Structures are given as structure tokens and as C-alpha cells.
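Just below is one structure, and these are the notes that go with it.
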Amino acid sequence: AAPRAGAATDTAARALGPAVPADTAAAPVDTVPITSPLYTYGVSTRGARLATAWLDQYPSMAGGRRGGPAQILPDGSEVLGLTLVAGADTVRLDRWDFTPSADSLAVAGAPARLTLTAARGALGVELAYTFHPDDYRIDVRGRVSGLGPEGGLLLVGLGPGLRNTEADSVENARALSVVVKDDESTAYPFADLEPGQPATWSGPFDWVAVKSKYFVTAVLALDSTRPRISGATAAAPATAGKDPALADVRLSIPVTARGDFGYTVYAGPMEYPRLRAFGHDFDDVNPYGWPGFRTIIRAVSIPVRAFLVWMHDRLGIAYGVGLIVFGILVRIVLWPLNQKAMRASMAMQAIQPELKAIQERYKDNPQQLQQEVFKLYREHGVNPFGGCWPMLLPLPILFALFFVFQYTIELRGAPFLWIPDLSRPDPYYIIPILMGLSMYVVTRVGQIGMEPNPQMKMMLYVMPIMMTVLLLNFAAGLNLYYAVQNVASIPQQWLIARERQRRQAPQPKPEARSKPPAGGRPAGGRGPGRRK
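When you number the sequence shown by the working numbering, it's gap-free, plus one each residue, and the end is 670.
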């Protein structure tokens, strides 16, 4: 579905008729501004391309543009730039000069339409862009006249990527990817593209997108009465380095014999409800989870995200405070399961002397050893795995929160106390250090009443240090949640430790029988002088 290598650029194609002239003198390029409460788009008269996309509700975090509206399209944007392929020839419509139906367009209250037309010889193109006031959606309908009975193939541009809008430009560039959706969505990072070697993916696709960390441009072919996207290509410049941040991305859509075509464009933030409203798994362009584990992690991350946003939007709770509330609620909900797990662990510790004796006695007979161990478990009602799996339940929430803070645009730039952005690392490393200290306290309290051993000592000192170093440069919100979880678990750990101490306390010995009084006789015995 990609154009053939070395195809002519805007020459007279035999399939289009010899009346199509070569390039003429270029007209001055104008940009038609389209304004709404959400965005200010700019459509260029050269190629009818989407040249700019200012998102008024999202500030730029990048240096030099920080604080102003985020402009997500780079200079030289090819979004909506068209190339027409008919037979063996190619016409670069993105180099044509189009005449717009208006010099500017205000979108308020109802959708508004901008029509752009261009013609060269027998070939004419008419494009109708419909903009919506409350969404970042652009409906595109077009017609090519003079095409011929066999129709053609339209290449729609999505390159050369997205402009950096974040303070961490390296992380934002790492997130740049082409995402295609057939039976499932698959992301292809720009960093994996070989410079100068185009990558090609065969459809049909429901949609093709180019995404950064928080923003996306996409073409969606969701109308069942029209052809789907037949393929996509991406080519990093030959001069690009090891991790290219630019790529010429194009997708192909069949043009009918009548010359009709249509699709939908999205150019805006990756807000989950908006993406979800499109259907066809368009929300999966935002990758909550690792491949292979995405289904499990998304099942947790999406409700967690919804709950945090709900507390912020409906209750007016700041995201930092919402994280604290959420962490405490999780501990309260998991209290019964954790209680059961801790008591199971305590029961296992109580039978350790008998277990070691059995292991020593039957060390040369593995089969008998196994039977005796299970017998011991049954006698004491101990489940060897009962203390493990409840402790693992908070892990999916922790993993889910990693992706929530990594990709949830609502948390982008959310401040808390001294932290300017909960989605980025704590600039002073206070929260990670507090997290490590809280982990030490939890472990210390949990070991009260236990016999010390090298493994416990390692858990007490090594694990908090290791986790602090590991999470030092993770999102401050993730560290805040982990610290709250640790602090909220201290009361339960302390109660279990007290229960453990009571069980281990020596039981008072039964009082000895009192001696019979002098001259008396033991009960039931024979008194002195009594005959046998």
C-alpha cells in the first residue's frame, strides 16, 4: 500500500490523462485558523495540510514555550497531506495550492465546515473538513474528479511525528510510536525504525496513529460503508541517529471509481474517555501495561485512573490528597486478607521446630518426608501458601499506578506541596526517601517477636535501600502512594506483632497440690493404725 520507490512527483500520469500540467509557480501560503474552546487548528492552503494544532487547555512543559498552549505539530507538519496514486503514477496533492471557503473559522455551539478546492487540468480535488466544538475530531470527506474508472489510492500523511511538549524531551521522544489497529493494536516505536529503511505494515486497519507520551494524531476509518485503511509506512530520515525522533508516516486509503473518500482525524490529548468514545479499541493507543500483561494491568489501571479523576473533578480533591485517600482505602479494603495472611505466616512460624525435626528425621526419604510434612500441616490447620498470595494483591495496583502516572494526561503537571508535577520525579528526592524509611519501619514492626536470622536482617536493611534506589527517579505520585501504603499498614503490623508476642509468652505452670495437714491422711488412703 506504500508508494513505489522513485515514483514521480506530480507529473502527468497516464491514468489521470495528459491534461494534468506540471508544477506551476507557487502561490503565497496562507493558514486558515480554526478556533474553538478546546483548540486552535491551522489549515495550510498549501496541500490542505493541518499545519498547527494548539491545545488551549494543555500548557506546554517544554523549555522556551513553557506555560503557553501546547502546539503538538512540528514545523513542516504533513498531517492530512495527500498523495494520489493511480496506476503506476503519483500526484503530490500536498504540493498543490487550495482555495479555502473562508479565511477563518470559529467553531462554537455547532460543528463548522471548511471546504478547500484545487484543480490542475482535468484533475480536481474538493475537501470538506468538519470541526467539532467539544471534541478534537475532524471529519474529512473528499472527492477527486477526472480520476478514471479504476479509482486510485490515497496516501494520507501523519508525519513527521509530534512536537516535544514535555520537560523531559528524552522520555517524550522515547514514547513516539506508530500504532496500528487490526485485530489488536500494535505499537512500533520510532526508535526501532532503521534510518533510510521504510517499514511497511499491511492492513486492513481500523485506525493508524502517531503518538507521543500524552498526545496523538490519528486517522480512523470507522465508517462501515467506506473502505478501511489498507496499509501504512514509516521511514526515518537517512541522516537520523540511533533513536530517530522524526519519521515520514503515511497510510493508504482506497479511492472509489467515483473518486469519493472519507475518514476521521483526531489531533489532541490522549484523554481516555474521548478515545474510548470512538470505539474500535482506540483507547488502546494509550498503552496501559506491558505486552502480554496489558489485559490484567488495564483491568486495574483504568478504574484507578477513573477514581482519581472522579475525586478531583467531582469532589474537588487535589490529586496528591486523592492519592493519600486512595492508599488508605486500599489498605482498609485489604485489611481482612492481610490479617489472614499474617496469621497464616504466624502459624507457619509456630510449627517450624517440628518441621525442622521432620526434615532432619526423613532427610534420606523424600517421599516419607513429603507425607509427614503434609500430615503436620493438616494437624495444625496450616496452609503453606496462605501467607503469600494476599501479600501480592497490592502489586497489581502498584504496577497499574506506574502506567497511570506514566500516561494519564489528567495527572500531567498536577502539583502537591513542594512537588511541581506528580507525574515526574520528586526534584528533591524527599518522597522516595520517605518511602524507603516507611518501608524500614513497616519491616521493623513486622519482625517484632520473631527470632532474628540473616534473611530477616537483609529484609530490614537491604530491601528499603534497594527499593529507594529503584524508585528514586520514578513518578513522585507513585512513591507517594507506596509511602502511604507502608504507613497505613503499620497499625496492622503492630497488632499482629502483639498477638505473636502473646502467643509466644510462657504459660503459667499449674499450681502444685497442697500437702495434707500434719497427722492427717491423704484422701482415699489408709490412715495410720488402720488394719489391712
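Every residue gets a Cβ at the ideal spot worked out from N, C-alpha and C, and that includes glycine. It should be emphasised that the depicted structure is a prediction, and the values quoted were computed from it without experimental measurement.
As computed with DSSP, serine 576 is found in no beta bridge at all.
The segment 541-554 makes no contact with the segment 574-594, as fewer than three CB pairs between them are under 8 Å. Where phenylalanine 353 is concerned, the enclosing beta strand (DSSP E) starts and stops at 353-358. Straight across, the Cα-Cα distance linking alanine 313 with serine 307 is about 10 Å. Boundaries of the beta strand (DSSP E) harbouring valine 278: 275-283, taken from the DSSP string. When the Cα atoms are used, proline 197 and aspartate 361 turn out to be separated by approximately 33 Å. With a cutoff of 8 Å on beta-carbon distance, leucine 293 and valine 357 are scored as not near each other. In the structure shown, glycine 458 adopts helical secondary structure according to DSSP, grouped into three states.
Residue pairing by DSSP puts proline 238 in a beta bridge opposite Leu254. Following the DSSP letters along the chain, one finds isoleucine 603 inside the alpha helix (DSSP H) bounded by residues 592-609.
Nearest Cα to threonine 303 within the set Ala246, Glu216, Pro207 and Arg233: Pro207.
Counting along the chain, the unbroken beta strand (DSSP E) around proline 327 starts and ends at 323-327. The closest CA to that of valine 625, considering only Ile462, Gln497 and Ser242, is found on Ile462. Sequence-distant Cβ neighbours of arginine 414 in its own chain, meaning closer than 8 Å and more than five residues away, are Phe420 and Asp421. The segment 354-419 is shown to contain whole beta strand (DSSP E) runs of 3 or more residues at 367-373, 386-393 and 398-407, in chain order. Nearest Cα to glycine 219 within the set Gln506, Pro558 and Val263: Val263. Under the three-state reduction of DSSP, valine 471 is assigned to helix. The C-beta separation of phenylalanine 543 from isoleucine 435 comes to about 13 Å, leaving the pair out of contact by the 8 Å criterion.
Around the beta carbon of alanine 246, fewer than 16 other beta carbons sit within 10 angstroms, so the residue counts as exposed. The continuous beta strand (DSSP E) containing threonine 228 extends over residues 227-229. Our two residues, alanine 256 and threonine 237, have alpha carbons roughly 6 Å apart in a direct line. Fewer than three Cβ pairs drawn from the segment 608-616 and the segment 582-599 lie within less than 8 Å of each other, which leaves the two stretches out of contact. Comparing C-alpha distances from glycine 400 to each of Arg443, Gly180 and Trp345 shows the shortest one belongs to Trp345. Between threonine 183 and alanine 244, the gap from beta carbon to beta carbon reaches 8 Å or more. Residue pairing for glutamate 264: DSSP places it in a beta bridge opposite Thr255 and Arg281. Secondary structure in the segment 189-223: the beta strand (DSSP E) runs of 3 residues or longer, each lying completely within the stretch, are 207-209 in chain order. Between the alpha carbons of arginine 562 and glycine 615 lies a distance of about 8 Å. Where valine 170 is concerned, there is no enclosing alpha helix (DSSP H), although the beta strand (DSSP E) around it starts and stops at 169-173.
Pairing proline 249 with histidine 270 gives a Cβ-Cβ distance under 8 Å. With contacts defined as CB atoms closer than 8 Å, valine 354 and alanine 372 fail to qualify as a contacting pair. In this structure valine 471 is exposed. Its beta-carbon is surrounded by fewer than 16 other beta-carbon atoms within 10 angstroms.
When beta bridges are read from the DSSP output, alanine 244 appears opposite Thr173. Judged by DSSP in its simplified three-state form, phenylalanine 612 adopts coil rather than helix or strand. Counting along the chain, the unbroken alpha helix (DSSP H) around valine 447 starts and ends at 432-453. Here the segment 389-400 makes contact with the segment 271-291; the two share three or more CB pairs at distances below 8 Å. If you ignore the 5 residues before and after proline 532, its C-beta comes within less than 8 Å of the C-beta of Val468, Leu472 and Gln623, all in its own chain and listed in chain order.
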